[in-house]
Every structure is written in C-alpha cells, then in structure tokens.
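Taking the working numbering, the leading residue of the sequence shown gets 2, the next gets one more, and so forth.
In this text, a Cβ means the ideal position worked out from N, Cα and C, and glycines have one as well.
Source: prediction; values computed, not measured.
Remarks on the structure that follows.
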Amino acid sequence: MISKVMLDAINEQINKELYSSYLYLSMSSYFAGNNLPGFAGWLRVQVDEERAHGMKFYDFLVDRGGRVALKAIAVPHSEWKSSLEAFKEVQSHEAAVTASINALYELALKEKDYPSQVLLQWFITEQVEEEKNAAEIVQQLELIDAHGTAVLMLDHRLGKRGGE
Ligand SMILES: [Fe+2]
Ligand SMILES: [Fe+2]
Numbered sequence: 002m003i004s005k006v007m008l009d010a011i012n013e014q015i016n017k018e019l020y021s022s023y024l025y026l027s028m029s030s031y032f033a034g035n036n037l038p039g040f041a042g043w044l045r046v047q048v049d050e051e052r053a054h055g056m057k058f059y060d061f062l063v064d065r066g067g068r069v070a071l072k073a074i075a076v077p078h079s080e081w082k083s084s085l086e087a088f089k090e091v092q093s094h095e096a097a098v099t100a101s102i103n104a105l106y107e108l109a110l111k112e113k114d115y116p117s118q119v120l121l122q123w124f125i126t127e128q129v130e131e132e133k134n135a136a137e138i139v140q141q142l143e144l145i146d147a148h149g150t151a152v153l154m155l156d157h158r159l160g161k162r163g164g165e
C-alpha cells in the first residue's frame, strides 16, 4: 500500500497533468483561431500526451491500492499576445511541472517508496524532453519576425508531428 502522504502528492500531480492538458487545449484553440493549424496541431498532440501523463499516475495509484481523488481543474488563459508569448507560457509551465516532479521524487526518497521512485524516474527523463521542446520553439520564435514567412515555415514543420 502506498503511504497517505505519497498518495496525496500523486493525486495533486494528476491534477497538474490534467491542467497541462487543459492549458494546451486552450492554446491549441487560440492558434486554430489565428489560422496557424500547425501550431494548433502540435499542441493537440501535446494535449493527449499530458492526459496520458495523468493516466500514468492514475493507473499507478490504482495498481498500488490507492484511491484516486480527482480535483477541479483550473481555467487556463484563452488569449496570448503572440505565438511567442504562448510558447513562453509553455516553457515556464513545463519548468514548474519539472519542479513538481522533482519534489515528488524527493518525497519518494524520504518515504523509501521504491515503486514511486521508478515511476518518477520516467517522468524526470520526460521533463528533459518537454523543456527541450519548449525552449527550442521559444528560441526559434525569438529569431523570427512575428509576421515573417518563417513563422509559416515553422507552422508547417510543427504540423508534421504525429502522435507518439
Ligand atoms: Fe506532463
Ligand atoms: Fe508537459
């Protein structure tokens, strides 16, 4: 059986992952509304990934005999000043999620919860990828004029992302 403190912390993380999914869904609709279907599509894939992260924790709790406690999901922003501002929010949001995953790992060490440590190692690796992807898009957006053709080229490239 999983400890109460670990159970509560993972339930909080489920909410954070589902919020991530909700945030990226909102961003996807913002880009769709601004006729950038590549950005919108890239974020739609991200919506599913974040939901899958939430479900990974969900299944883990069920497997450990813990009770999943779903909480209200906060309302995300629906407007951004530019593509760059939106992806800067992705970047800062992912950094916050990484901090949260790291704190969970520290708790798992303190609790001597070995199964949680193994699960969280997967998430630690995943966050390296998430932060790298966000940083890359932010840096490329910073390089290009917000009204230049390069934005459309980036949109085209992002549109090629398939599901994982
Ligand atoms: Fe996530
Ligand atoms: Fe993420």
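- Proximity of the beta carbon of S93 to ligand 1 is not indicated: no heavy atom of the ligand is located closer than 7 Å.
- Under the three-state reduction of DSSP, G160 is assigned to coil, being neither helix nor strand.
- A straight line joining the alpha-carbon of G160 with that of P116 spans about 37 Å.
- Environment of ligand 1, chain-ordered: E18, S21, E51, H54, V98, taking every residue with Cβ within less than 6 Å of a heavy atom.
- Residue environment for L108: buried (at least 16 other C-beta atoms within 10 angstroms of its C-beta).
- For G66, the secondary structure class from DSSP, reduced to helix, strand or coil, is coil.
- Checking the 7 Å criterion, the Cβ of E131 is within range of a heavy atom belonging to ligand 2.
- Counting C-beta pairs with one atom in each stretch, the stretch 134-145 and the stretch 18-30 have fewer than three that are closer than 8 Å, which means they do not touch.
- For the options P38, E51, S4, the alpha carbon positioned closest to that of I15 is the one of E51.
- Here DSSP, grouped into helix, strand and coil, assigns S4 to coil.
- Ranking I3, E13, M7, R158 by CA distance to the CA of K72 puts E13 first.
- Annotation for V129: the continuous alpha helix (DSSP H) segment containing it runs 115-144.
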